[in-house]
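Here's the structure, in structure tokens; my notes come after.
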Amino acid sequence: MQEKLPARLQKYSPDQKNVIGMSVLFLLAAYFTLHYISHTFYRGELLDRSSPGNWLYWLNAILMGAVVYFNKKIFNWSWSDLGLAKPANWWQPVLVGLGCFVSVLIYSAIIDPWVKEVWGDINISHLYVLKQNLPQLIFALIAVWITAAFLEELVFRAFFINSLEILFGPGKWSAYTAVVLSAVVFGGIHAYQGISGIITTTIIGIIFGFAYIINGRRIWPLILVHGLVDSIALISIYNMAG
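Residue numbering for the sequence shown is 1002 to 1243, as defined by our numbering.
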């Protein structure tokens, strides 16, 4: 029995590529719109479960997952095509995960201070409600592992990079271009954090994008590192003086 080609290597008709392209555009439009509304009008209430800002946050996550699942169903993609394949061995994801984590630490220690000096601190004022607030911290940690660690890696690494490669067609630079563009978009969705936030998340997006390629297009170590980095940040805010 002939092994099925990965989604990015299959042939797609112009109409099929249009569907993929429109899915990407819809996802971006919906994400940016809901993000803008929630962070502009409900910035201080995003973690308040009774606030429309929190509802928009979860609606955004549901729409992201729905777009990915829609494409999976109509094109008969497997979960492996979306970065969720079983690791080929135990050591590769460990090394890739360690490499990502160390790269983020190096960026934080060497480049991030310069970025903040030039462009100002990253705007995380919407998270200050976590200070000395354990129930909110627990809720935020659960939310960040679902929506940021898992869903953002599924969407902005696996789905986005593969979709862009399909749209670009086969070529030496398709994967690299897709990684960079997906990282730029990833940085753009963090515009509410200010210019420093955009720069930081774009660079992290590039690191994670190439790690995704190196790891055989599997997102497991990226989910873990993304969740750990965000968890450390949230716990640090929680430990600030109230």
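The C-beta atom is built at its ideal place from N, Cα and C for all residues, glycine as well.
Residue i vs residue j beta-carbon contact at 8 Å
i, j, result
"ILE1238", "LYS1117", "no"
"ASP1113", "THR1201", "yes"
"ASN1163", "ARG1009", "yes"
"LEU1168", "LEU1182", "no"
"GLY973", "ALA1184", "The question about residue 973 has no answer here: the residues shown for the chain are numbered 1002 through 1243."
"VAL1226", "CYS1101", "yes"
"PHE1140", "LEU1048", "yes"
"GLY1198", "HIS1127", "no"
"SER1051", "TYR1043", "no"
"VAL1119", "ILE1208", "no"
"GLY1246", "VAL1180", "Outside the displayed span of the chain (1002 to 1243) sits residue 1246, for which this structure offers no information."
Residue i classed as buried or exposed, judged by whether at least 16 other C-beta atoms fall within 10 angstroms
i, result
"ILE1107", "exposed"
"ARG1158", "buried"
"SER1014", "exposed"
"ASN1061", "buried"
"TYR1213", "buried"
"TYR1177", "exposed"
"ASN1019", "exposed"
"VAL1103", "exposed"
"GLY1172", "exposed"
Nearest candidate by alpha-carbon position, reference residue i, set the options
i, options, result
"LYS1005", "ARG1219, PHE1076, TRP1146 and GLY1198", "PHE1076"
"LEU1029", "MET1065, SER1109, LYS1073 and LYS1087", "MET1065"
"ALA1242", "TRP1115, GLN1017 and TYR1129", "TYR1129"
"GLN1011", "SER1024, ASP1082 and ASN1055", "ASP1082"
"LYS1073", "PRO1007, PHE1209 and LYS1173", "PRO1007"
"ILE1215", "MET1023, LEU1057 and ALA1089", "ALA1089"
"GLY1189", "ASN1019, LYS1018, TYR1032 and SER1079", "TYR1032"
"ASN1055", "PRO1171, GLY1228 and GLN1137", "GLN1137"
Helix, strand or coil at residue i [DSSP, three-state]
i, result
"PRO1088", "coil"
"ILE1123", "coil"
"ASP1016", "helix"
"ALA1184", "helix"
"ARG1009", "helix"
"TRP1080", "coil"
"TYR1129", "helix"
"TYR1043", "coil"
"TRP1174", "coil"
"ASP1049", "coil"
"ARG1158", "helix"
"MET1241", "coil"
"HIS1227", "helix"
"ASN1134", "coil"
"GLY1098", "helix"
"HIS1191", "coil"
"GLY1210", "helix"
"ILE1021", "helix"
"ILE1220", "coil"
Under 8 Å: do the stretch 1151 to 1168 and the stretch 1059 to 1070 share three or more Cβ pairs, one atom per stretch? Counting C-beta pairs with one atom in each stretch, the stretch 1151 to 1168 and the stretch 1059 to 1070 have three or more that are closer than 8 Å, which means they touch.
So, do the stretch 1081 to 1100 and the stretch 1203 to 1222 have three or more beta carbon pairs nearer to each other than 8 Å? In short, these stretches touch, since the Cβ pair count reaches three.
Is the stretch 1189 to 1205 touching the stretch 1032 to 1039 in the sense that three or more CB pairs, one from each, lie closer than 8 Å? The answer is yes - the stretch 1189 to 1205 touches the stretch 1032 to 1039, with three or more Cβ pairs under 8 Å.
Three or more C-beta pairs under 8 Å: does that hold for the stretch 1134 to 1149 against the stretch 1224 to 1233? Three or more Cβ pairs drawn from the stretch 1134 to 1149 and the stretch 1224 to 1233 lie within less than 8 Å of each other, which places the two stretches in contact.
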